[in-house]
Each structure stands twice: as structure tokens, then as C-alpha cells.
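Worksheet: one structure, shown below.
See the structure below:
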């Protein structure tokens with residue numbers, strides 16, 4: 023129970039630190055979020071957000087992705103990296119949605135993970151942010167932070183998810199994911215975390231792995 027209390031106290035403090043935490047991918051529909059999340063692999067959300075306006079205008083629905091010209095699609099996706107594999111996934115998603123889900127993005131994890139290029143992380147992003155269904159988004163930031171916080175030593179994303187869902191209330195899963203990702207991108211960096219500027223330092227057993235001097239740490243913090 024000590025770990026549960028510490029985890030929940032940490033989550034509450036993160037809520038105060040990041041009251042505006044949110045999904046940083048731009049989208050207006052479940053399909054747009056699904057595609058944007060697939061494209062975010064191995065690149066930044068900012069890069070994806072620069073690419074998706076043209077993409078979403080050119081391919082407004084699942085049928086359009088299913089019928090996409092691969093060369094044209096690859097050219098649009100080129101800036102996001104791994105564009106050939108991503109184009110393959112996007113076309114496959116469009117085809118699967120048309121063939122099996124009447125062109126609509128399903129609101130069930132078991133269905134989402136059957137789509138090309140969609141794993142549990144992507145599925146939980148879509149469920150939590152497009153459908154309001156709580157989910158834990160175990161990306162690299164999330165995994166790194168929960169290990170530093172001593173919530174788990176697990177490396178496998180599925181096992182990390184299983185541990186954390188036993189620590190944090192289900193209603194908080196989506197927002198916890200946003201808060202940890204915000205914190206990982208802004209303060210708790212992989213190589214040199216800004217420990218001296220960390221709002222949850224008192225609950226972190228890894229305090230001291232990064233810069234502890236308050237002024238030096240503050241200089242490391244990113245605002246976006």
C-alpha cells in the first residue's frame with residue numbers, strides 16, 4: 023500500500039505541475055488521431071503535426087487511405103522518417119477499416135491492435151483521447167519515468183502497463199500518461215534529468231541521477 027499511496031501522490035503533484043497536459047498530436051477525428059499516432063513512431067509530435075494537414079486533406083477517410091497511390095503517400099510521409107513502412111501501415115489500416123469495420127475506427131482495444139502498425143500503445147492513445155476510454159500509453163518516456171520513480175523494474179511495455187494499472191485509479195490512466203510524457207519531455211530527460219527543478223523529487227528514489235543544483239537544473243528545463 024505504501025507504493026500505491028506514493029504513486030497516487032506523485033500523480034496528484036504532476037496534475038498540479040501540468041494542468042494543461044494533453045495529447046500533443048493534432049487531430050479532429052478518431053481516424054486522424056490513429057494515423058497521426060502511427061506516424062509518430064521514431065519522430066516527434068511536432069514533425070507529425072507539420073505533415074498531417076496535407077495528409078488529412080488529401081485522405082479524408084478510411085476509403086481514401088485504402089485506395090491511396092503508394093508513391094504519392096510516401097512523398098507526403100517522407101519527412102516523418104521510415105516513410106515506406108509507414109505508408110504500408112496507413113494503407114493497410116485504411117483497407118482493414120473498410121473491410122472489417124465499415125470504415126470507422128473501432129473503440130475496442132482488441133479490435134484496434136488487429137490493425138497494421140497498431141500496438142497497445144497506439145490503441146490506448148486512441149481510446150483515451152478520441153473515445154474517452156481510459157488507457158495507459160507506455161511509450162519511452164512513460165517507461166523511463168515509472169522505473170525511475172521505483173513503481174516497477176519491468177522493461178516490457180505490457181508488463182509496465184499491468185503494474186501501473188494496479189497503482190493508479192483507472193479514471194486517471196489517460197491523464198497520468200499525458201503528465202508523465204510531459205514530464206519526460208520537459209524535465210526528466212533520459213541522459214541528464216533536471217532533478218533540482220523537479221516537482222516530484224521528494225517521491226523519487228532516483229533523485230540525484232541528474233543535475234541537483236536548482237539554478238543549473240532550471241536552465242535545463244524545456245517549456246514545450
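In my numbering, the protein residues as written are 23 to 246.
Positions of the beta carbon are idealized from the N, C-alpha and C atoms, including for glycine.
Proximity of residue i and residue j at Cβ, strictly below 8 Å
{"i": "residue 205", "j": "residue 167", "result": "yes"}
{"i": "residue 108", "j": "residue 77", "result": "no"}
{"i": "residue 157", "j": "residue 150", "result": "yes"}
{"i": "residue 31", "j": "residue 225", "result": "yes"}
{"i": "residue 87", "j": "residue 112", "result": "yes"}
{"i": "residue 36", "j": "residue 222", "result": "yes"}
{"i": "residue 170", "j": "residue 228", "result": "yes"}
{"i": "residue 144", "j": "residue 102", "result": "no"}
{"i": "residue 52", "j": "residue 147", "result": "no"}
{"i": "residue 160", "j": "residue 182", "result": "yes"}
{"i": "residue 155", "j": "residue 175", "result": "no"}
{"i": "residue 72", "j": "residue 173", "result": "no"}
{"i": "residue 67", "j": "residue 99", "result": "no"}
{"i": "residue 165", "j": "residue 179", "result": "yes"}
Top-ranked residue by Cα proximity to residue i, from the options
{"i": "residue 118", "options": "89, 146 and 144", "result": "89"}
{"i": "residue 85", "options": "94, 126 and 176", "result": "126"}
{"i": "residue 115", "options": "164, 133 and 79", "result": "133"}
{"i": "residue 38", "options": "237, 202, 169 and 246", "result": "202"}
{"i": "residue 208", "options": "148, 47 and 245", "result": "245"}
{"i": "residue 44", "options": "195, 235, 237 and 179", "result": "195"}
{"i": "residue 197", "options": "33, 27 and 28", "result": "33"}
{"i": "residue 104", "options": "92, 123 and 63", "result": "63"}
{"i": "residue 110", "options": "124, 236, 94 and 123", "result": "94"}
For residue i, three-class secondary structure by DSSP
{"i": "residue 213", "result": "coil"}
{"i": "residue 142", "result": "helix"}
{"i": "residue 130", "result": "coil"}
{"i": "residue 82", "result": "coil"}
{"i": "residue 65", "result": "coil"}
{"i": "residue 233", "result": "coil"}
{"i": "residue 120", "result": "helix"}
{"i": "residue 195", "result": "helix"}
{"i": "residue 29", "result": "helix"}
{"i": "residue 244", "result": "coil"}
{"i": "residue 87", "result": "helix"}
{"i": "residue 155", "result": "coil"}
Residues of its chain near residue i, where Cβ-Cβ distance is below 7 Å and the 5 sequence neighbours each way are ignored
{"i": "residue 233", "result": "214, 216, 217, 218, 239 and 242"}
{"i": "residue 49", "result": "55 and 58"}
{"i": "residue 106", "result": "96"}
{"i": "residue 162", "result": "none"}
{"i": "residue 192", "result": "156"}
{"i": "residue 212", "result": "166"}
Beta-carbon contacts of residue i that lie in its chain and below 8 Å, excluding the five residues immediately before and after
{"i": "residue 231", "result": "170, 215 and 217"}
Residues of its chain near residue i, where Cβ-Cβ distance is below 6 Å and the 5 sequence neighbours each way are ignored
{"i": "residue 152", "result": "52 and 55"}
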